[in-house]
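In terms of the working numbering, the sequence shown is residues 2 to 93.
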Amino acid sequence: IAILKKGLQAAGVLPGGKWSNDTGALYVRGLPADTTNCDLYEIFSPFGAIPSQGCYAMTAQDGTCKGFAFINFINDADAQNAIATLHGTMMP
Numbered sequence: 002i003a004i005l006k007k008g009l010q011a012a013g014v015l016p017g018g019k020w021s022n023d024t025g026a027l028y029v030r031g032l033p034a035d036t037t038n039c040d041l042y043e044i045f046s047p048f049g050a051i052p053s054q055g056c057y058a059m060t061a062q063d064g065t066c067k068g069f070a071f072i073n074f075i076n077d078a079d080a081q082n083a084i085a086t087l088h089g090t091m092m093p
């Protein structure tokens, strides 16, 4: 499946496949070390469409999350809704 995904991304056939500006982009901080891109997608995708590779947890050399990430929504309104809902959320 990895080859299929890479081919679709390279062909540019996936909607929102190219990040062209900061509209709809979020910076998220305060994340635990075990955060993955998949975790971010599961948290943020209910707010709206996120392109392929639109969730990116910044990782250290050992693969753990550095505590921050970037989320790129296709529509800015979806990003604003996520901010309004999740901003200031405290982890248990």
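Positions of the beta carbon are idealized from the N, C-alpha and C atoms, including for glycine.
In the structure shown, asparagine 73 adopts extended strand secondary structure according to DSSP, grouped into three states.
When only Cα atoms are considered, alanine 11 and serine 53 end up about 11 Å apart.
Between isoleucine 72 and glycine 55 a beta carbon distance of about 7 Å is seen, short of the 8 Å cut, so the two are scored as contacting. The beta carbon of asparagine 38 sits closer than 7 Å to the beta carbons of Cys56, Tyr57, Ala58 from its chain, once the five residues preceding and following it are set aside; these are given in chain order.
Rounded to the nearest angstrom, the gap between the Cα atoms of lysine 67 and glycine 25 is 22 Å. Of the other Cβ atoms in all chains shown, fewer than 16 fall within 10 Å of the Cβ of aspartate 23; this residue is therefore exposed.
Following the DSSP letters along the chain, one finds leucine 27 inside the beta strand (DSSP E) bounded by residues 26-30.
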